[in-house]
Structures are given as structure tokens and as C-alpha cells.
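A.B. asks:
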Amino acid sequence: MKKALYIVLAMFLVAACKNTNNQTNTDMSTDEPLKEVAGRKNFGPDHALVTTPQPCVMIATWDKDHTPDIMMAAWAGQYDYKQIVVSMSKHKTTENLELTRAFTVSFADINTIAESDYFGLVSGFNVPDKVAKAGFTVTPSPNVDAPIINEYPLTLECKVVSWSDGILVGEVVNMSADERILTDGKVDLAKLQPIVFDAASMSYRAIGDIVGKAWGDGKKYVE
Numbered sequence: 322m323k324k325a326l327y328i329v330l331a332m333f334l335v336a337a338c339k340n341t342n343n344q345t346n347t348d349m350s351t352d353e354p355l356k357e358v359a360g361r362k363n364f365g366p367d368h369a370l371v372t373t374p375q376p377c378v379m380i381a382t383w384d385k386d387h388t389p390d391i392m393m394a395a396w397a398g399q400y401d402y403k404q405i406v407v408s409m410s411k412h413k414t415t416e417n418l419e420l421t422r423a424f425t426v427s428f429a430d431i432n433t434i435a436e437s438d439y440f441g442l443v444s445g446f447n448v449p450d451k452v453a454k455a456g457f458t459v460t461p462s463p464n465v466d467a468p469i470i471n472e473y474p475l476t477l478e479c480k481v482v483s484w485s486d487g488i489l490v491g492e493v494v495n496m497s498a499d500e501r502i503l504t505d506g507k508v509d510l511a512k513l514q515p516i517v518f519d520a521a522s523m524s525y526r527a528i529g530d531i532v533g534k535a536w537g538d539g540k541k542y543v544e
């Protein structure tokens, strides 16, 4: 669906009631206890699982000195056919985005778990050479003003469409992939083996096996 977010960025609840005497609307109480859902355990609204699992999206940018920076963003998803959306607070990355208006997106995989986790733990404000410290190398993107991280085999080159109120929207101008993750000329997730963040266990899990056919398995219910 166009403009559909895979990641829930915000939820708002507005409720009012009006009595039969046409009195002024009043807000519904938010202090009412939650009702139990039969056969299930309630966790309430304060939990880590909004949408899960979450992709481990690696965002790379240049700073003012042309030093590469990488951060991990778990709250990200596809915004449109050629656009990506990321929710983030202020980081070294956001400062760089305002300068270059460009970034690359890669995906952490089973071969880069420790390095990717490190990029999420350490701020570029405090460790400006963290890319080099992790032993990673970069190649300047030929299409946007941002670095391509050579150790990540799949990369999206993006231009900033908008950056406002903590929401970044980027337009993908190119996707490039290492030959080693391709099968019949297409990206093969079984070869890429990207990882996702499991907030329930605070761990990373790998993706790979095909377990069903999209726009196919459900046809048995179509009349």
C-alpha cells in the first residue's frame, strides 16, 4: 500500500464522550485498568515490541571533514516504492545529513554482527574514527555524497527528501549488491543472511530460509 509504514512511528488515542443532556465533551479516563484478553498475557502499552522483528539498518554519512560515520537504526522501513523512512533522535548522523543531504543504507548480516552492534553503541561525536576502529573500509558513492561501506554487501544510495521532527525520508537512487549474494541476478537473502533485532530477548536473529510464497500461498482461499 502506497505510503504504508512497516514500522509504527507513533500512536495517538483521542476519545471523548457526550451525555444525553448535550453537556460539554469530556476526555475518557486513562486510569482505567486494562481488561484481560482471554487466553493471552497482557503486557500493556509499555513494552519494547511495537513491531518485531526490526531490521538492523546501517546508515552511513560523511562529516564536515569527509570522515565516514555509521549508525544502526532499528526503527526504519519502506515508505514508498523508491523511498525509505527512518525514525531517529539527534545523532552525529543527523548533523551530517543536514550538511550533505545524502546517505547510504546497508544491512547488518551474520558476518558483521559485532561491528554493527559497535556502531550502534558508540557515537560519532565521541569516536569520530569508529569506522576505522572497527576495521571497515569505505568507497565514495558515485551517485550521492555519502560513503559506501565495503564490508556490507548490499547498499542503497539515498538522497534526503525530508528531515523533520525526527523523521528522515530518503529517496533511493541506486541499489548495488556484491555478486556473492546474488542468485540468478537477484539478491538472495539466504546468501546475504541479514540480521534483525529481537527486542523481546535483546538479541539479533538471522534471516534466510524461504517458508512460503508471496502472492501465492494464500490463493487456496481465493474463490
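Here the numbering used here is used: the first residue of the sequence shown is 322, the next is one more, and so on. All residues carry an ideal CB built from backbone N, CA and C; glycine is no exception. Note that the structure is predicted; figures quoted are calculated from it, not measured.
Relative to the C-alpha of residue 433, which candidate in 494, 387, 474, 533 has its C-alpha closest?
C.D. replies: Per the Cα distances, 474.
A.B. asks: Can you tell which of 430, 406, 521, 438 has its C-alpha closest to the C-alpha of residue 493?
C.D. replies: The option with the nearest alpha carbon to residue 493 is 406.
A.B. asks: Less than 8 angstroms between the beta carbons of residue 467 and residue 381, yes or no?
C.D. replies: A contact, by the Cβ cut-off of 8 angstroms.
A.B. asks: In the DSSP assignment, what residue or residues form a beta bridge with residue 494?
C.D. replies: In the DSSP output, where bridge partners are listed per residue, residue 494 has none listed.
A.B. asks: State the Cα-Cα distance for the pair residue 385 and residue 483, rounded to the nearest angstrom.
C.D. replies: So the two alpha carbons sit approximately 20 angstroms from each other.
A.B. asks: Name the residue from 469, 444, 421, 402 whose alpha carbon lies nearest to the alpha carbon of residue 564.
C.D. replies: Outside the shown range of the chain, which is 322 to 544, sits residue 564, and nothing can be said about it.
A.B. asks: Who are the near neighbours of residue 324 in its chain, counting only those whose CB is closer than 8 angstroms to its CB and skipping five residues on each side?
C.D. replies: The pLDDT assigned to residue 324 is 37, lower than 50, so where the model puts this residue is not dependable; a value taken from the coordinates is nonetheless given after this. The residues are 400, 401.
A.B. asks: For residue 440, which of helix, strand or coil comes out of DSSP?
C.D. replies: Correct three-state label for residue 440: helix.
A.B. asks: Here's a check: name, in chain order, each residue in its chain whose Cβ is nearer than 7 angstroms to the Cβ of residue 502, leaving out the five neighbours to either side.
C.D. replies: So the list reads 474, 475, 508, 509, 512, 513, once near-sequence residues are dropped.
A.B. asks: Would you mind sorting residue 332 into buried or exposed? The rule is 16 or more other CB atoms within 10 Å of its CB.
C.D. replies: Summary for residue 332: the model assigns pLDDT 27, below 50, so the residue's position carries little reliability; its value from the coordinates is reported in the next sentence. Looking at its Cβ environment, which holds fewer than 16 other Cβ atoms inside 10 Å, residue 332 is exposed.
A.B. asks: Might you give, ordered along the chain, the residues of its own chain that have their beta carbon closer than 7 angstroms to the beta carbon of residue 394, omitting 5 neighbours on each side?
C.D. replies: For residue 394, where only same-chain residues beyond five positions count, the Cβ hits under 7 angstroms are 378, 380, 407, 409.
A.B. asks: Going by CA-CA distance only, name the one from 363, 397, 354, 392 that's closest to residue 488.
C.D. replies: The candidate whose alpha carbon is nearest that of residue 488 is 397.
A.B. asks: Identify the continuous alpha helix (DSSP H) that holds residue 418 and give its terminal residues.
C.D. replies: Taken as a continuous stretch (DSSP letters only), the alpha helix (DSSP H) holding residue 418 covers 413-421.
A.B. asks: Compare the Cα-Cα distances from residue 423 to each of 525, 414, 453 and report the closest residue.
C.D. replies: When only C-alpha atoms are compared, the closest one is 414.
A.B. asks: Got a sec? Which residues, its chain only, sit under 7 angstroms from residue 454 by beta carbon, not counting five neighbours each side?
C.D. replies: Closer than 7 angstroms at Cβ, skipping near neighbours: 448.
A.B. asks: I think residue 374 touches residue 429, with their Cβ atoms under 8 angstroms apart; what is that distance to the nearest whole Å?
C.D. replies: Between residue 429 and residue 374 the Cβ distance is about 12 angstroms, and since that is not below 8 angstroms, they are no contact.
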